[in-house]
Amino acid sequence: MKRLTILLISLLFIISAAKAQPPGVDPFYDAVPYSVKKFNKTFLTNQDAGVVRSFFEHQVNNMPIRVIQIDQGHHHGYRFYYPNAANNPDGPEAWIQVFTVDVGKSIELFEKSNPALLEAPFLGLKAAAQKFGYPDEDVATLYNQYKQIATRYYQEVTDANGNKVNEMTVLFQKYYSRLKQQPDQMLASGYQGPVMLPENAREYSWNLWLLCFEEIEQTGYRTIIEYSGIPETDR
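Using the working numbering, the first residue of the sequence shown is number 251, and each one after it goes up by one.
Given below as structure tokens:
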């Protein structure tokens, strides 16, 4: 997870700079804050960078004066520049930038140069496979189905211990806790309502891994939006 954090920080920033927030620019409609820290300037969405571009280019109160397309390997997007305030015409331009991950290219790059980054979320699964004897082909299938989770962005949240971690880490903590319980029965939905079905530790563990990766897949984001200054709605 540490490598994922380093990757996120290194990507955010072709240019660092101005502190001014474009006046009159609405926040993107479904973006969520990346950080729980105050004065967050980075947001996440699953909309493509092109959709975000259209949103900002059709603002009523303040449209960008120019848009630059930026391709950073397996990340593609735009930077929007805004006019300076009338009382500071010579100041640095405010900007917003957006990048969307090209998942296919990202996986291809990591498989060639840093496979450990893709494999990191599956170390627990591999340990369980050794313990319970899961077939190699089943483990490989699950890995190939969900390996893109290592290319996604995850919100920073506060865990039960008060530590700031990303949501992927929180979900792994949740499922590791459930794995330690290893109950002998599992609640299932039957024709006449919920029933208890017997389940051994091997089956229980495998089913939890399936649920874990499915939930992580639904939690990640593929597009990141950064403002040069703190959005007015978050001040």
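Glycine included, each C-beta is placed from N, C-alpha and C at the ideal position.
The model shown is predicted, which means the values in this text are computed figures rather than measured ones.
A contact is defined here as three or more CB-CB pairs under 8 Å, and the stretch 383-396 fails this definition with respect to the stretch 344-355. The C-alpha of residue 276 is placed about 28 Å away from the C-alpha of residue 467. Taken atom to atom, the span from the alpha-carbon of residue 461 to that of residue 422 is near 11 Å. For residue 291, there is no enclosing alpha helix (DSSP H), as DSSP marks it with neither H nor E. Ranked by how close their Cα comes to the Cα of residue 360, the residues 418, 281, 400 and 479 have 400 in first place. If you draw a straight line from the Cα of residue 288 to the Cα of residue 297, it comes to about 24 Å.
Residue nearest to residue 474 within the set 370, 329, 377 and 314 is 329 (criterion: CA-CA distance). CA-CA distance, residue 283 to residue 450, rounds to 41 Å. Cβ-Cβ distances below 7 Å link residue 343 to 268, 331, 332 and 334 in the same chain, with the five nearest sequence neighbours on each side left out; the list follows chain order. In the displayed model, residue 302 falls within a helix according to three-state DSSP.
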